[in-house]
Every structure is written in structure tokens, then in C-alpha cells.
Amino acid sequence: MYAVTGKLLSVELKSQSCKVEAVPAKLYRQYLGGYGLGAALLLERVNPACDPLGPENILGFAAGYLTGTGAYIASRFMAFGKSPSTGGWGDANCGGHFGPKLKKAGLDVILFSGQAASPVYLLVKPGAAGAVVAEILGAEDLWGGDCYVTEDLLKERHGRDCEVACIGPAGENLAAVAGISTDKGRFAARSALGAVMGSKKLKAVVVKGNIPIQIADPEGMKALRKQHLPTFKEEFGSDLSEFGTPMFYEEALNSGDAPWKNWSSSVEEMKDFKTTAEKVKEYQLKRYACSGCPVGCGGHVEVKQGPFKTDGPVHKVEYETMSLFGSNLLNDNLEAMIRINDLCNRYGMDTIGTGGLVAYAVECYERGLIGNDQTDGMELRWGQARTIVALVEKIGKAEGVGAILAKGFDEAVRVFGEATAPYVMAVRGEALPAHDPRWNVGLALTYFFDPTPARHTQGSTTFPLAGYDMPEIDADEATGRAEHHSANADWAHVLNSAGLCLFGYAILSYKTLPDFLKAADGTEWTLQELAEVGRRLTLARQVFNVRAGWTLDRYSFPDRVLGNPPLESGETKGMKVDLKTMVKEYLEFEGLDPKTGLPSREVLETLDLARYLS
Ligand code: SF4
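Under this note's numbering, think of the first position of the sequence shown as 5, with each following residue one higher.
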């Protein structure tokens, strides 16, 4: 096969058995790879009503369809499974180097079912004549280790040329913010899939091998790369290379895009806020790129001395981390942000989820809803960098108040009281990312509706794809978004499942995708066929949610972020978000049932999804 290996490894952890299976070719055509393919596989193999932390849940890792083929910015793999943070469909997307290596080890997908009796890790390597060798090995010596130590030890043991996906203590403790680490800081962070890994006592997945990924037209792929390289060198691409995602921060602070004080305030609160992309660059030692990316928006930084000193170079802070541990906590200490990012990476935690929990705790303390007796004596105040760092450590270790927060928002509200619920800035248990719907209302529809809630990377009218011709819509206008929301969300799933980086596709038109696909697999793809794939990916995950019990009538959204009450200062002062209208128009445009969010059975049959309804 071209572009993909056609192989899936199924690992049953209780019996410690491994089986290589063929992935039906039709599934690639319908779902591409990544979480799209994952949705189809799990709908066939898992009861969506299962306990996400029980043995019935399946945790998957899948490379994107184009990952490792030489197509631009095609490095991603996705983890997927039922999410312990939301109780619905979960997926998490990750760049770096693990995805291409998974394919070079001879696999597109690994599925883990069951639970091991004691800690294990999986080693995958190529055997003779293209066979895949999979071994389940003991991980008692690794259990308890942080993500850096674990990756280092496994690379020492199996060679520097292997790639490692692992969990840290947060995953072992089943934290509701546990992610899966690769490259000591590239994370499949969201949906708490690190906790699923922990529940299975699976410490790590090690992939090794250099089987070439066959593509249909290597010369054609080379020509496409040459043709499109200049696009990445244009202004936005160059700035992204130089500064990475921190480049968005300064403007976002002023425009009302980035949250302030647990989403309750604006730049007026701290007019002298100093943290900028330029400042981040002062700490940068070198740039970092995911496999095959001409942009290279990542970097390694170091804090050499002081209370927030890092132990050598660590991944730099990204926009989301700066926002959620900076302005959202009124913390202007960049060194503390770098250290917090480092701690989250070591413990294996989603910085968005962890930042959301910390802001909730600080606001509850400031309002007198929790006291020193509930915070291990810590005074949780806005802007107190040292205390914030200490609280992050406690969440990572699941210690004291950190143990309560690590269990997620629902558990925290249960322990700290219903009066704290208004300060939870999350949708269905997943903390909001740092882009404010009061700045551009289109985000609210994505955060609310996508089967993985509170995600800024699942396509929206706020961040339309490059090449998508969208009419001008006022940032505060709720009506007229449905068609464009639908197209952008569906296409985002296509690009994600193809293994492509959405930053890349904020630069390069999504209309280039059929060309890259043809060079990779030798077949014709049309934009229309791919749009249909996108629809299928949106709805397959919604089918999973409905079967998990997550119907639309149970959805909610934090009032504060919809402008209830409205902000009293800043660019978005007084803004209200009419989510109701956006949802209504989207449901009508797509012909979706207001209770389930699903279309008619006939439509599901057309998309070959009706068979997954039960
Ligand atoms: S743009 Fe950044 S995140 Fe995307 S593939 Fe390149 S280095 Fe990775």
C-alpha cells in the first residue's frame, strides 16, 4: 500500500497478547487516519457507555494518513478513546516525531484494551521480511518516573533512534488533566487520555524502525514541496518560525482574545503586563521543528538561575500556556510560566486543563469559598507566581489540595461546594482554551458543539482555514455562521486525520490537499469527497457521544464566558455571546436533531454511519 502500512496492532493487556491485523482499505478512504480512523475502529469495538478508566475502554494511537509521507507539516499522530475528563469521545493530537516513527515501525494504529496487572510498556520494532515485532515488557522500574526520566531511560535501553510516548505521575494517578508526552514536551494533551493509559498500567509505547513509507509519486511529492515552500516563508510563516505561538500573545492580551483573571477581566486589570514573544525569545537556546516541518515554531529555553530555574533546556511556553498561567492568573512572571510548563511536561499534564483548575482554585480562595484548611495552608492569590508553581506541583503529585483538583472540576465542586461551580470555566469537564468567545463569538459554537468540547483546534469561523473563502462576518455577529462553521469544522477534522498541522494550514490552502494525497497514495481525491469525509468524522464522533449518553440537551456552557455578566472593561466590554442562535442555525443548516445532534438515519446511512448507532 502507498502512504499507509495497512496494519493495526491490537494489544490486550490483561492476557498480554498482541495481534497484527489488516485495516480494511475502505476505512482509509472513508476516515483517512488519526482520530478519524480511530472513531470507526472504536465504534466497532467499544461500548461507548463503558467506564473510561475501566478495562473495556480502548486507547488508540494512530498516525495521520499523510504522516511521514513527505507531505508538508505531516507529522502528527493522534491518541483516542473514551475520555475520562468529559465522559464522551476523546482525542488528542500531537506533532513531534512519534507519528512518522510509528509508521516506520510498520504500523498505522495501535489499540490497547484491558488492563495489565502491573506496570508495562510496549516495544514495537520491525522483524524479518516486513513483520512487526511487538513485546510487552515490565515497567515497574519506570513507574513513578516523570516523562523526561522515562523517555531518557527507554532511549538508553532501546537506542536513540526510537521514539517514546509515555505518561508521567499525573497519568499514573489518573488525573483529569493527564496527557501523553513525546519529545519531552510535545503532548497529546487533551481529553485526559494519559489517565486512560494510566488505568491500563501502560507507562509507555516505544516505536523503533526505519521501514521506508512507500509513496506513489516521490518526484511529484518533491515538486509539490518545492512549489509550496515559498508560501511558508511569507510574513506569517516567518514570524511563526521566529517567535512560535507566543507571537499571538501581545495582541490577544489587548484585543480580549486571551483570558484575564479566570475570564472575568481585561487588560485594564494590569496595563503594565510585560510578557511578550520578544521576552520569550530572550530565553530561547534553539528552535525546534516537528518532523518534516519547514516552519519550526517550537523552541527550547532555559531559566538559568533563581527560584524558577529549569534543569537545563526545556520546551518553550506556547501561547495557550502563557495565557492560562499568565494573564488568566494575573501572573506576569515569565520565568514562572516557563517553570510551570516544564513541570506540566514532567508530570505529564495538559497545560490548558491544569491552568483552568488553578484559576478556579485561586478565584474560589480569593472569594472566601475555600480556606487555608482546604489548600494545605497555601494562600491562593492572583499573581502569586511561587504559589501557583507550588499548586501545579501538588496537582502533578496528587498531593493534598492537588489530589482534589487532579480529579477534575466535577470532583472539586463536589468537595468545595456548589457555590464554587460558577467559577469553573470548562465545557463538559474540559477547560476552555485561551481564545475568548466574547472576542469572536464563533469560538463558542466549536467549544460547545464539537464532540471533544472546549477545543480551539476543531475548526471554527473565528479561525477559518487558509484558502477558505468566507464572507466578512462581524466578530460579535451570531447569525450567518452555520454554513461556514460546518465547512471549517469538517475540514479541520480532515486535516487533523490526514496528520497535518493546523498552523501549517493557516498558511497553506486546504485546497492543496488532493495534490498531496495523490502524490502519496496515487489516487484521485476531490474536494467534494474530502468534505464528505469531514462530515463523516464530525458525525462518527457524535454517534459515539450519543451512545455514551452525551446528548445535546445535557450540554451547558459557562455563563461568564458568554458575557453573563458582561465584562466591565477592555475591548470586549459589554459583549454577550448569542450561543443559542448559533446552535439553532447550525442544527437547522445541517438538519440535526436538537436532542441528539445527529441527522436522520438516511443521512447516516449515506455516510455509512447508521451501522454504528447501536
Ligand atoms: S508549525 Fe510548529 S507545531 Fe506545526 S508542524 Fe511545524 S513545528 Fe510542529
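Even for Gly, the Cβ is constructed at its ideal location relative to N, Cα and C.
- request: Express the C-alpha separation of G163 and S560 in angstroms, rounding to a whole number.
  value: Near 48 Å, if we compare the C-alpha coordinates of G163 and S560.
message: Can you give me the C-alpha to C-alpha distance between G574 and E272, rounded to a whole angstrom?
response: Roughly 6 Å between the two C-alpha positions.
query: Which residue's Cα is closest to the Cα of A7: P216, G64, I77?
result: For A7, the closest of P216, G64, I77 by C-alpha to C-alpha distance is P216.
Bridge partner(s) assigned by DSSP for G72: DSSP, once it has assigned bridges, lists no residue as partnering G72.
- request: Starting from S14, follow the alpha helix (DSSP H) in both directions and report where the run begins and ends.
  value: Looking at the DSSP string, S14 is not in any alpha helix (DSSP H); the run it does join, the beta strand (DSSP E), is 11-16.
field: Three-state class that DSSP yields for L499 in the structure shown
entry: Of the three classes helix, strand and coil, the one that applies to L499 here is helix, per DSSP.
- request: For L384, count neighbouring C-beta atoms within 10 Å of its own C-beta (all shown protein chains included) and say buried if the count is 16 or more, exposed if not.
  value: Buried, since its Cβ has 16 or more Cβ neighbours within 10 Å.
message: The beta strand (DSSP E) that contains D95, what's its start and end?
response: Here the beta strand (DSSP E) through D95 covers 93-98.
query: Is F247 near ligand 1, judged by its Cβ being under 6 Å from some heavy atom?
result: False, no ligand heavy atom lies under 6 Å from that Cβ.
Residue from A293, P475, K599, T465 with nearest C-alpha to H489: When the alpha-carbon of H489 is set against those of A293, P475, K599, T465, the nearest one is in T465.
- request: Thinking G100 and C348 are a contact (beta carbons under 8 Å), I'd like their distance in whole angstroms, please.
  value: Contact between G100 and C348 fails: their C-beta atoms lie close to 16 Å from each other, not under 8 Å.
message: Please report the straight-line C-alpha distance between P88 and R432, rounded to a whole angstrom.
response: Approximately 11 Å between the Cα atoms of the pair.
query: With C-beta atoms as the reference, is A262 less than 7 Å away from S327?
result: Note that the C-beta distance between A262 and S327 is below 7 Å.
- prompt: Which same chain residues, not among the five before or five after L3, have their C-beta less than 6 Å away from its C-beta?
  reply: Since the displayed the chain opens at 5 and closes at 618, residue 3 lies outside it and no answer follows.
task: Taking L395 and V362 to be in contact with their CB atoms under 8 Å, please state how far apart those CB atoms are, rounded to whole angstroms.
output: Contact between L395 and V362 holds: their C-beta atoms lie close to 6 Å from each other, under 8 Å.
- request: Identify, in the order they occur along the chain, each residue of the same chain with its Cβ nearer than 8 Å to the Cβ of L613, setting aside the five sequence neighbours on each side.
  value: Result list for L613: R540, L543, A544, V547, in chain order.
message: Are the CB atoms of W443 and S259 within a distance shorter than 7 Å?
response: Yes.
query: How is the alpha helix (DSSP H) around E594 delimited, first residue to last?
result: E594 -> alpha helix (DSSP H) spans 583-594.
query: Going by DSSP, which residues form a beta bridge with G202?
result: The partner list for G202 (beta bridge, DSSP) is empty, contrary to what the question assumes.
- prompt: Does the separation of the CB atoms of V168 and L157 fall below 7 Å?
  reply: For V168 and L157, no; Cβs fall outside 7 Å.
message: DSSP three-state label for Y6, please.
response: Coil at Y6, not helix or strand.
task: With DSSP as the reference, label K188 as helix, strand or coil.
output: It is coil, neither helix nor strand.
Neighbourhood of C301 by C-beta distance below 7 Å, restricted to the same chain and skipping five residues each side: Within the same chain, L244, S245, G248, T249, F507 come within 7 Å of C301 by CB-CB distance, once the 5 residues on both sides are set aside.
- prompt: What did DSSP end up calling F413 once you bin it into helix, strand or coil?
  reply: Here F413 sits in helix by DSSP.
- request: Could you pull out every residue in the same chain whose Cβ sits closer than 8 Å to the Cβ of A96, ignoring the five residues on either side in sequence?
  value: So the qualifying residues of the chain are M82, A83, F84, G183, I184, F191, A192, A193, R194, S195, L197.
- prompt: Which class does Y292 belong to by DSSP, given the choice of helix, strand or coil?
  reply: Three-state DSSP puts Y292 in a strand.
field: Cutoff 7 Å: Y69 Cβ touching any chain D Cβ
entry: This model lacks chain D altogether, as it is built from one protein chain only.
message: Considering Cα atoms alone, identify which of V200, K313, K23 is closest to D55.
response: Closest by alpha carbon: V200.
- request: For ligand 1, enumerate in chain order all residues having a CB closer than 6 Å to any of its heavy atoms.
  value: Answer in sequence order: I77, S79, G99, A293, C294, C297, V299, G300, C301, G302, C505, F507, G508.
Closest by C-alpha distance to P562, when choosing among E282, F413, R161: Checking every option, the nearest Cα to that of P562 belongs to F413.
message: One question on the structure: do A470 and Y509 come within less than 7 Å of each other, judged by their Cβ atoms?
response: The beta carbons of A470 and Y509 sit closer together than 7 Å.
Host alpha helix (DSSP H) of A43 (start-end): Segment 38-49, the alpha helix (DSSP H) holding A43.
query: Under a three-way DSSP split, which group does F247 fall into?
result: The answer is helix: DSSP assigns F247 an H, G or I state.
query: Taking only runs of the alpha helix (DSSP H) that begin and end inside the stretch 270-348, which ones reach a length of at least 4 residues, in chain order?
result: List check, alpha helix (DSSP H) in window: 281-286, 323-329.
message: Check for me: the alpha helix (DSSP H) holding S259 runs from which residue to which?
response: Boundaries of the alpha helix (DSSP H) harbouring S259: 253-259, taken from the DSSP string.
message: To test your reading of the DSSP string, which unbroken alpha helix (DSSP H) runs of 4 or more residues are found completely within the stretch 464-523?
response: Those alpha helix (DSSP H) runs which fall completely within the stretch 464-523 and span 4+ residues are 486-501.
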